[in-house]
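A.B. asks: Here it is, the structure in full.
Number of protein chains: 2
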Amino acid sequence: MRDVAALAGVSLKTVSRVVNEEPGVSPDVRERVGAAVRRLDYRPNLAASNLRRTGARSGLIGALVQDVSNSFSASLLRALEDAARAHRTGVLAASLDEGVDREQELVHDLVTRRVDGVVIMPASDRQDYLVAELRTGTPAVFVDRPPRGVDVDSVVADNALGARLAAEHLLDRGHRRIAALFHLPQITTASDRRAGFTAAHTDRGLRPDERLVVEGITSTDEASEVVHRLLDLAEPPTAIFAGRNILASGAVRALQERGLHRSVALVGFDDFPLADLLDPPLTVIRQDVSKMGRLVAERLFARIGGDTSPPQHVVVEPTLVARGSGEIPPGA
Amino acid sequence: MRDVAALAGVSLKTVSRVVNEEPGVSPDVRERVGAAVRRLDYRPNLAASNLRRTGARSGLIGALVQDVSNSFSASLLRALEDAARAHRTGVLAASLDEGVDREQELVHDLVTRRVDGVVIMPASDRQDYLVAELRTGTPAVFVDRPPRGVDVDSVVADNALGARLAAEHLLDRGHRRIAALFHLPQITTASDRRAGFTAAHTDRGLRPDERLVVEGITSTDEASEVVHRLLDLAEPPTAIFAGRNILASGAVRALQERGLHRSVALVGFDDFPLADLLDPPLTVIRQDVSKMGRLVAERLFARIGGDTSPPQHVVVEPTLVARGSGEIPPGA
DNA sequence: CTACGGCCTGACAACGTTGTCACAGGGCAG
DNA sequence: CTGCCCTGTGACAACGTTGTCAGGCCGTAG
Chain A
1 MRDVAALAGV
11 SLKTVSRVVN
21 EEPGVSPDVR
31 ERVGAAVRRL
41 DYRPNLAASN
51 LRRTGARSGL
61 IGALVQDVSN
71 SFSASLLRAL
81 EDAARAHRTG
91 VLAASLDEGV
101 DREQELVHDL
111 VTRRVDGVVI
121 MPASDRQDYL
131 VAELRTGTPA
141 VFVDRPPRGV
151 DVDSVVADNA
161 LGARLAAEHL
171 LDRGHRRIAA
181 LFHLPQITTA
191 SDRRAGFTAA
201 HTDRGLRPDE
211 RLVVEGITST
221 DEASEVVHRL
231 LDLAEPPTAI
241 FAGRNILASG
251 AVRALQERGL
261 HRSVALVGFD
271 DFPLADLLDP
281 PLTVIRQDVS
291 KMGRLVAERL
301 FARIGGDTSP
311 PQHVVVEPTL
321 VARGSGEIPP
331 GA
Chain B
1 MRDVAALAGV
11 SLKTVSRVVN
21 EEPGVSPDVR
31 ERVGAAVRRL
41 DYRPNLAASN
51 LRRTGARSGL
61 IGALVQDVSN
71 SFSASLLRAL
81 EDAARAHRTG
91 VLAASLDEGV
101 DREQELVHDL
111 VTRRVDGVVI
121 MPASDRQDYL
131 VAELRTGTPA
141 VFVDRPPRGV
151 DVDSVVADNA
161 LGARLAAEHL
171 LDRGHRRIAA
181 LFHLPQITTA
191 SDRRAGFTAA
201 HTDRGLRPDE
211 RLVVEGITST
221 DEASEVVHRL
231 LDLAEPPTAI
241 FAGRNILASG
251 AVRALQERGL
261 HRSVALVGFD
271 DFPLADLLDP
281 PLTVIRQDVS
291 KMGRLVAERL
301 FARIGGDTSP
311 PQHVVVEPTL
321 VARGSGEIPP
331 GA
């Protein structure tokens, strides 16, 4: 900047004025400075600028998702990125892998970096630690899983409803032995889905077969093993509800290995690429990820813009997409 | 920091020393300052620190990929993230969507933000513009597609080899009318793959049927339409080579719609989740994405660390993964 | 001619931090 | 007792930028 000022024969402040397009600079000076800027390929130092400006923004938001390479997280990230771009803001993305400590570390790191806001798909059970972090004024919005121990905006799917839709779909087709695979029970999405699954039964005066309900499954391989085990039972399930996208993959694999993919019904939670190309095409509960991403960004940038209204908790309704695998009748 | 110094009864500089764990501070002062830091929840301002320190790092790298939500880009991003974490560095990710202008803008933006380095999966044909950007000292590493017009490190797959493997696999099984779908020809990955496809034929004294080779396909839907059209020909292909993951999806869809998925062979380029669960399981050319990500990070952090050796161009060999779809004989 | 106001421009301090250097105090050798 | 070195600490400037304010110039009205 000093060099630019020297080359243009003006003071530092005037260069600053031109660079920031402030009014009150005569056209010819503006032109001289502009030429000098181009000639020297001058780039303003955003960090220094932010340092001086009171309450300036870093133009950066943090996004902590479960796993950047998971299709759900990735799609969400993409929606966030698009919304952030409109605010000339970059997205700093990181994967938590359900690591509670990592969540805390990364939030701390992001706040220390002075990001303008944070989007969190939490791995932790409770987020009391956030209260201290948010005192710095950094807004946070939760997505996919609601906050506990701290009251901030959130955008989540109605997981109980989604699971209920899946279970009702299967029950309505006559299934009575429905297996269900869920993620870690301490994660609210998993417990809500389980609750919805159960409620669909009790509403009809039925009860889920507890031997067929398995919680705490964290990987595709594990899901596959569990399905194999369930199919070995004396009274194997006639249908399966996979409570998460990677669990559905495991279930599909196990059924194919058994040659049962056309005999046992399957409904997955979360849509994913190619689900419609499987044999049979996979019936799923779909969350509108792009919409969720947009809503999250909307809340976050409202907060960044100074919105101090009470925290909003947006619930998005999932829908059932019938493609074939969920419409297999019992005993097929 | 001023408050911390006041509370601990020391000077600013001493607080700085304690925070940065510099030697030469007596244990009791260190303790007092530490207590004050905790009590006030003091967080050092990284931007100010970087401003003062000469040649300090921002602890941030930029990653410009084709599309954050594409499984290839997402997996690469994840590998980058893991490697960056080891260097206490965050990843600023953005999608280019093959937008040439956006690529330039984003690179400019990242350099202006003073990121420590940039990973680029370029959308542009040539990157002469980078020369000016890199004069600032920001290192760049290309991935998936090699640089042109600027000489920097790169990590790419041997695309010609991959396509050759696919074509040979099909030719060896007796196919002679092999359709091939490619992305935009100005993108080197696409043209290299096409060249490899052709070479496999000429090596055997054959020639690809040009009516069956289609370039410039950018979406799944378009790929699907093209396959439908090719299947309508008087002499339809007995096998298809899809030169990119999203094109393979379109081909699978078209074949399924025709009920030909078990009669026409198909080999895709790029592995993706669930490819092994399709009917029939999809034979693909696999690039080891995690490995590529690691290699990219290795080069980038070496450069950030001061490595000034000549640019390295790492080529990763893809492999063919036979799963079924590529082993369908002609006329099945 | 004087006075006043508006338009441009620049000097200076400040943002939060750290590199440099100076200095106080204490221990130790001569 | 003197002089030196070492250890611990602080004052000050500087990083690159912008907010504040003062001041010079010009035109216009009185």
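Taken in sequence, the protein lines are chains A and B. Each residue of the first sequence is one higher than the last, beginning at 1 in the working numbering. Each residue of the second sequence is one higher than the last, beginning at 1 in the working numbering. Glycine included, each C-beta is placed from N, C-alpha and C at the ideal position. Being a predicted model, the structure only gives us computed values, none of them experimental.
Apply the 10 Å Cβ neighbour rule to residue 159(B) and answer buried if 16 or more other Cβ atoms are within range, or exposed otherwise.
C.D. replies: Buried: at least 16 other Cβ atoms inside 10 Å.
A.B. asks: Kindly list, in the order they appear in chain B, the residues whose Cβ is closer than 7 Å to that of residue 227(A).
C.D. replies: Those within 7 Å of residue 227(A) in chain B number zero; the least Cβ separation is about 13 Å.
A.B. asks: So, does the CB of residue 274(B) fall closer than 7 Å to a CB anywhere in chain A?
C.D. replies: Interface residue, yes.
A.B. asks: Would you kindly report the start and end of the unbroken alpha helix (DSSP H) that includes residue 162(A)?
C.D. replies: From DSSP, the alpha helix (DSSP H) with residue 162(A) extends over 159-172.
A.B. asks: Please report the distance separating the alpha-carbon of residue 155(B) from that of residue 332(A).
C.D. replies: C-alpha separation (whole angstroms): 50 Å.
A.B. asks: Within the same chain, show all residues whose beta-carbon is closer than 8 Å to that of residue 152(A), passing over the 5 residues directly before and after it, in chain order.
C.D. replies: Here the set comprises 130, 134, 139, 140, 141, 142, 311.
A.B. asks: If you draw a straight line from the alpha carbon of residue 110(B) to that of residue 115(A), how long is it in whole angstroms?
C.D. replies: The alpha-carbon atoms of residue 110(B) and residue 115(A) are separated by roughly 15 Å.
A.B. asks: Going by Cα to Cα distance, which pick from 306(A), 209(A), 218(A), 167(A) is closest to residue 193(A)?
C.D. replies: The residue with the shortest Cα to Cα distance from residue 193(A) is 167(A).
A.B. asks: Give every residue of the same chain whose Cβ lies closer than 7 Å to the Cβ of residue 317(A), excluding the five residues on either side of it in the sequence, and list them in chain order.
C.D. replies: Here the set comprises 158, 161.
A.B. asks: If you measure from the beta carbon of residue 43(A) to each beta carbon in chain B, is any gap under 7 Å?
C.D. replies: At least one chain B Cβ lies under 7 Å of residue 43(A).
A.B. asks: Say whether chain A places a C-beta atom closer than 7 Å to the C-beta of residue 75(B).
C.D. replies: With 7 Å as the cut-off, residue 75(B) counts as an interface residue toward chain A.
A.B. asks: What do you get for residue 319(A), buried or exposed, if any count of 16 or more other CB atoms within 10 angstroms of its CB means buried?
C.D. replies: Exposed, because fewer than 16 other Cβ atoms sit within 10 Å of the Cβ of residue 319(A).
A.B. asks: Between 132(A), 69(A), 17(A), which has its C-alpha nearest residue 73(B)'s C-alpha?
C.D. replies: It is 69(A) whose Cα lies nearest to the Cα of residue 73(B).
A.B. asks: By alpha-carbon positions, which one of 255(A), 84(A), 198(A), 188(A) ends up nearest to residue 127(A)?
C.D. replies: Of the listed residues, the one whose Cα sits closest to residue 127(A) is 188(A).
A.B. asks: For residue 81(A), go through chain B and note every residue whose CB falls closer than 8 Å to its CB, in chain order.
C.D. replies: Within 8 Å Cβ-Cβ: 68, 93, 94, 95.
A.B. asks: For chain B, is any of its Cβ atoms less than 7 Å away from the one on residue 89(A)?
C.D. replies: With 7 Å as the cut-off, residue 89(A) does not count as an interface residue toward chain B.
A.B. asks: So residue 88(A) and residue 59(A) are supposed to be a Cβ contact under 8 Å. How far apart are they, rounded?
C.D. replies: Yes, residue 88(A) and residue 59(A) are in contact; Cβ-Cβ is about 6 Å, under 8 Å.
A.B. asks: Rounded to a whole number of angstroms, what is the C-alpha to C-alpha distance between residue 56(B) and residue 299(B)?
C.D. replies: Distance between the alpha carbons of residue 56(B) and residue 299(B): 19 Å.
A.B. asks: Quick one, which of 266(B), 1(B), 124(B) has its alpha-carbon nearest residue 15(B)'s?
C.D. replies: Measuring from the Cα of residue 15(B), the nearest candidate turns out to be 1(B).
A.B. asks: Less than 7 Å between CB atoms is the rule here; does residue 128(A) satisfy it with respect to chain B?
C.D. replies: It does not: the Cβ of residue 128(A) has no partner Cβ on chain B nearer than 7 Å.
A.B. asks: By DSSP, does residue 115(B) sit in helix, in strand, or in coil?
C.D. replies: In the structure shown, residue 115(B) sits in coil (DSSP, three-state: anything other than H, G, I, E or B).
A.B. asks: The alpha helix (DSSP H) that contains residue 250(B), what's its start and end?
C.D. replies: Segment 245-258, the alpha helix (DSSP H) holding residue 250(B).
A.B. asks: Where are the alpha helix (DSSP H) runs, 4 residues long or more, that stay fully inside the segment 284-310 of chain B, in chain order?
C.D. replies: You should have 289-304.
A.B. asks: Determine, using beta-carbon pairs with one atom in the segment 264-279 of chain B and one in the segment 199-207 of chain B, whether at least three such pairs fall under 8 Å.
C.D. replies: Touching, no, given that fewer than three Cβ pairs across the two stretches are closer than 8 Å.
A.B. asks: Does residue 219(A) come out as helix, strand or coil in the three-state DSSP assignment?
C.D. replies: Note: residue 219(A) maps to coil in three-state DSSP.
A.B. asks: Would you kindly report the start and end of the unbroken beta strand (DSSP E) that includes residue 268(A)?
C.D. replies: Segment 265-269, the beta strand (DSSP E) holding residue 268(A).
A.B. asks: Just to confirm the assignment, what range does the alpha helix (DSSP H) spanning residue 197(A) have?
C.D. replies: Taken as a continuous stretch (DSSP letters only), the alpha helix (DSSP H) holding residue 197(A) covers 188-203.
A.B. asks: Quick one: what's got a C-beta closer than 6 Å to residue 290(B)'s C-beta in the same chain, skipping five residues either side?
C.D. replies: So the list reads 79, once near-sequence residues are dropped.
A.B. asks: Among the residues of its own chain, which have a CB less than 6 Å from the CB of residue 248(A), if the five just before and after it don't count?
C.D. replies: Contacts found: 242, 268.
A.B. asks: Check residue 62(A) in the structure and name its three-state DSSP category.
C.D. replies: Correct three-state label for residue 62(A): strand.
A.B. asks: The segment 136-159 of chain A: which residues have C-beta closer than 9 Å to a C-beta of chain B, in chain order?
C.D. replies: Those residues of the segment 136-159 of chain A that come within reach of chain B (Cβ to Cβ, closer than 9 Å) are 136.
A.B. asks: For residue 304(A), which option in 76(A), 30(A), 62(A) has the closest C-alpha, if you only look at C-alpha atoms?
C.D. replies: Residue 62(A) is the option with its Cα nearest to residue 304(A).
A.B. asks: Assuming residue 81(A) contacts residue 94(B) (C-beta within less than 8 Å), just tell me the rounded distance between them.
C.D. replies: Right, their Cβ atoms sit about 6 Å apart.
A.B. asks: With residue 319(B) as the anchor, note down where its beta strand (DSSP E) starts and where it stops.
C.D. replies: Residues 319-321.
A.B. asks: Between residue 42(A) and residue 118(B), what straight-line distance do the alpha-carbon atoms span, to the nearest angstrom?
C.D. replies: Using only the alpha carbons, I get a separation of about 19 Å.
A.B. asks: Would you mind telling me which residues of chain A sit closer than 8 Å to residue 249(B), beta carbon to beta carbon, in chain order?
C.D. replies: Near residue 249(B) (Cβ distances below 8 Å), the residues of chain A are 273, 274, 277.
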